[in-house]
Amino acid sequence: MAGRREAREAALQALFAIDVGRRDPGEALTEAFETPNARGQEPFVKQLVLGTLEHVARSDETIAPLLKDWTIERLPTIDRLILRMAVYELIDGQTPRAVAINEAVELAKKYSTADSGRFVNGVLSRVGQART
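In the working numbering, each number is its position in the sequence shown, counted from 1, plus 713.
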């Protein structure tokens, strides 16, 4: 059975397929469920993907003011998706703030640029402070 970190990876891959590959969410979830990262965590993966998609506007409104000299659209796709998923987790409230932020930072380090981990941490730390 996969853990929550692996489930977040599967959710991120599904979100990427939806955003970049223009896949239907149901199709992207089906593909995500077939990966070892989702095994045993299908409900959590589904919650992350559908919750992130449902709250895109709210997440973007939360993130946008924290981006110095950037817009949401200019962010690298993977960073934007990681931030949206983490903000959804913060909004949802079922994941402790520190865990949501740390998991997003680890995803950024693994799937994005060398500087993305620090960038994601900085943005989400300010989101976390604003929500406490």
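Each residue gets a CB set at the ideal place from its N, CA and C atoms; glycine is no exception.
| request: List the whole-angstrom C-beta distance separating D773 from I791, where the pair is believed to meet the contact cut-off of C-beta under 8 Å. | output: Reading the sequence shown from its first residue, position 60 is the one you call residue 773. Reading the sequence shown from its first residue, position 78 is the one you call residue 791. Not confirmed; about 16 Å, so no contact.
| Endpoints, the alpha helix (DSSP H) within which G739 is located | One-based indexing of the sequence shown puts residue 739 at position 26. Taken as a continuous stretch (DSSP letters only), the alpha helix (DSSP H) holding G739 covers 738-746.
| query | Of all the options Y801, V836, E744, V818, which has the alpha carbon lying nearest to the alpha carbon of H768? | reply | The residue given as residue 768 occupies position 55 in the sequence shown. The option with the nearest alpha carbon to H768 is Y801.
| request: Leaving out five residues on either side along the sequence, give the residues of the same chain with a beta carbon under 8 Å from the beta carbon of P738. | output: Locating residue 738 in the sequence shown gives position 25, where the first residue counts as 1. Same-chain partners within the cutoff: A727, I731, V762, L763, L766.
| request: State the start and end residues of the unbroken alpha helix (DSSP H) segment that holds P756. | output: Along the sequence shown, read from residue 1 onward, the residue named residue 756 stands at position 43. Counting along the chain, the alpha helix (DSSP H) containing P756 begins and ends at 755-767.
| Cα-Cα separation between V818 and S825, rounded to whole angstroms | The count along the sequence shown starts at 1 and reaches residue 818 at position 105. The count along the sequence shown starts at 1 and reaches residue 825 at position 112. Rounded to whole angstroms, V818 to S825 spans 10 Å at the Cα level.
| task | Please work out which residues of its chain come closer than 8 Å, Cβ to Cβ, to K822, disregarding the five sequence neighbours upstream and downstream, and give them in chain order. | result | The residue labelled residue 822 in the question sits at position 109 within the sequence shown. So the list reads S829, G830, once near-sequence residues are dropped.
| query | What is the DSSP secondary structure of K781, reduced to helix, strand or coil? | reply | By one-based count along the sequence shown, residue 781 stands at place 68. Here K781 sits in coil by DSSP.
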